[in-house]
Amino acid sequence: MQIYLTRHGQTLLNRTNRAQGWSDALLTTKGRTDAIALGRGLNQQHLRFDAAYSSDLTRAVTTAKLVLHEVEQDELPLQTTADFREQCFGYFEGEVASVMSQEIFGIESYREAVTTYHKTMRDLADGIAAKFNAQVPEEGESYTQLQTRLMRGLHQIITDAQTKKYDKVLIVSHGNAITTILNTLGQKLTEPLHNSSVSILVPTTTDQIQVASMDDVRYIEEGLKH
Numbered sequence: 016m017q018i019y020l021t022r023h024g025q026t027l028l029n030r031t032n033r034a035q036g037w038s039d040a041l042l043t044t045k046g047r048t049d050a051i052a053l054g055r056g057l058n059q060q061h062l063r064f065d066a067a068y069s070s071d072l073t074r075a076v077t078t079a080k081l082v083l084h085e086v087e088q089d090e091l092p093l094q095t096t097a098d099f100r101e102q103c104f105g106y107f108e109g110e111v112a113s114v115m116s117q118e119i120f121g122i123e124s125y126r127e128a129v130t131t132y133h134k135t136m137r138d139l140a141d142g143i144a145a146k147f148n149a150q151v152p153e154e155g156e157s158y159t160q161l162q163t164r165l166m167r168g169l170h171q172i173i174t175d176a177q178t179k180k181y182d183k184v185l186i187v188s189h190g191n192a193i194t195t196i197l198n199t200l201g202q203k204l205t206e207p208l209h210n211s212s213v214s215i216l217v218p219t220t221t222d223q224i225q226v227a228s229m230d231d232v233r234y235i236e237e238g239l240k241h
């Protein structure tokens, strides 16, 4: 079995470098174009999904539906779940990313905080939760809260898929959410994930999951040719 773990297409808040989290925004024209291209690239490989899931946030749902349309699977039910939502940024929801980075890390550029100073998802999530003494996830999820819900959702899908002997599963989620999953599976990312990129997971059991690829944009590139 392979799980196609996909980041949603670009949104206006992505384009303006704002923390998005549980806030929502529509896909930009580029976001829709790339999501469609992703679907076309997958279709070029004659790929078909046995099940499709997404975060319950609009940007993920829209991306998933565009992909399913392009692989000629409009009829496949899209199952949405809050387990695959983005990290909740609490007070920083909708804030400019540089402001958040400066407040939490003392580094103006969030990208620089990740790539140069090697700040992690745990550093960010726990930093936000601690700064505002978050009592509930809506005030800013701790890393443990974020990791727990994401892995719970992933293991539930894997168990169901293995029971039903599925071969290919689509999950559309979010940048920090997918990064957290990949980190949990032992992978280290030095750059933020691209919008509409694919990371492929290969479960052997519900407790053993291999990462076959990360942040793959080749399907988008192929789809843009057609």
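If you read the sequence shown in the working numbering, its first letter stands for residue 16, the second for the next number, and so on.
Glycine residues also receive a C-beta, built at the ideal position from the N, C-alpha and C atoms.
Span of the beta strand (DSSP E) around residue i
| i | result |
| --- | --- |
| Arg100 | Run containing Arg100: none; DSSP gives neither H nor E here. |
| Lys183 | 183-188 |
| Gln17 | 17-22 |
| Thr95 | 93-96 |
As assigned by DSSP and simplified to three states, the class of residue i
| i | result |
| --- | --- |
| Asp138 | helix |
| Ser214 | strand |
| Thr220 | coil |
| Gln225 | strand |
| Leu42 | strand |
| Ser205 | Reading off the sequence, residue 205 comes out as Thr, not Ser. In the structure shown, Thr205 sits in coil (DSSP, three-state: anything other than H, G, I, E or B). |
| Val82 | helix |
| Thr77 | helix |
| Thr194 | helix |
| Asp175 | helix |
| Val111 | strand |
| Asp49 | helix |
Pick from the options that is closest to residue i, judged by C-alpha positions
| i | options | result |
| --- | --- | --- |
| Leu185 | Ala66, Ala50, Leu62 | Ala66 |
| Asp138 | Leu200, Ile18, Ser38, Leu161 | Leu161 |
| Glu206 | Arg33, Met16, Arg63, Thr131 | Thr131 |
| Tyr68 | Val187, Arg126, Asp182, Ala145 | Val187 |
| Leu62 | Thr78, Ile18, Leu27 | Ile18 |
| Thr73 | Leu27, Phe64, Glu110 | Leu27 |
| Thr77 | Ala34, Gln59, Gln60, Thr48 | Thr48 |
| His133 | Lys203, Gln150, Ala75 | Lys203 |
Spatial neighbours of residue i in its chain, beta-carbon cut-off 7 angstroms, leaving aside the 5 residues before and after
| i | result |
| --- | --- |
| Ile193 | Leu20, Arg22, Leu208, Ser214 |
| Arg30 | Thr43 |
| Tyr234 | Leu53, Gly56, Leu57, Val213 |
| Val129 | Pro207 |
| Ser124 | Ser113, Ser116 |
Endpoints, the alpha helix (DSSP H) within which residue i is located
| i | result |
| --- | --- |
| Tyr125 | 125-130 |
| Tyr68 | Careful: Tyr68 lies outside any alpha helix (DSSP H), inside the beta strand (DSSP E) at 66-70. |
| Arg33 | First-last for Arg33: undefined, no H or E at that position. |
| Glu153 | Element bounds for Glu153: n/a, residue is neither H nor E. |
| Arg233 | 233-238 |
Beta-carbon contacts of residue i that lie in its chain and below 6 angstroms, excluding the five residues immediately before and after
| i | result |
| --- | --- |
| Gln25 | Thr43, Lys45, Gly46, Asn210 |
| Tyr158 | Arg137, Ala140, Asp141 |
| Asn32 | Ala112 |
| Asp71 | Thr95, Ala97 |
| Leu239 | Ala52 |
Close beta carbons around residue i, own chain, < 8 angstroms, minus the five adjacent residues each side
| i | result |
| --- | --- |
| Glu153 | Trp37, Cys103, Gly105 |
| Phe147 | Gly105, Tyr106, Glu154, Gly155 |
### Query
Do three or more CB pairs link the region 116-124 to the region 84-94 at distances below 8 angstroms?
Below 8 angstroms, too few C-beta pairs join the region 116-124 and the region 84-94 to call them touching: fewer than three.
### Message
I want to know whether the region 47-60 touches the region 78-85 - three or more CB-CB distances under 8 angstroms.
### Response
yes
### Query
Is it a yes or a no for the region 94-102 touching the region 162-177, going by three-plus beta-carbon pairs under 8 angstroms?
yes
### Message
For the structure I just gave you, are there three or more beta carbon pairs, one from the region 218-229 and one from the region 188-202, closer than 8 angstroms?
### Response
yes
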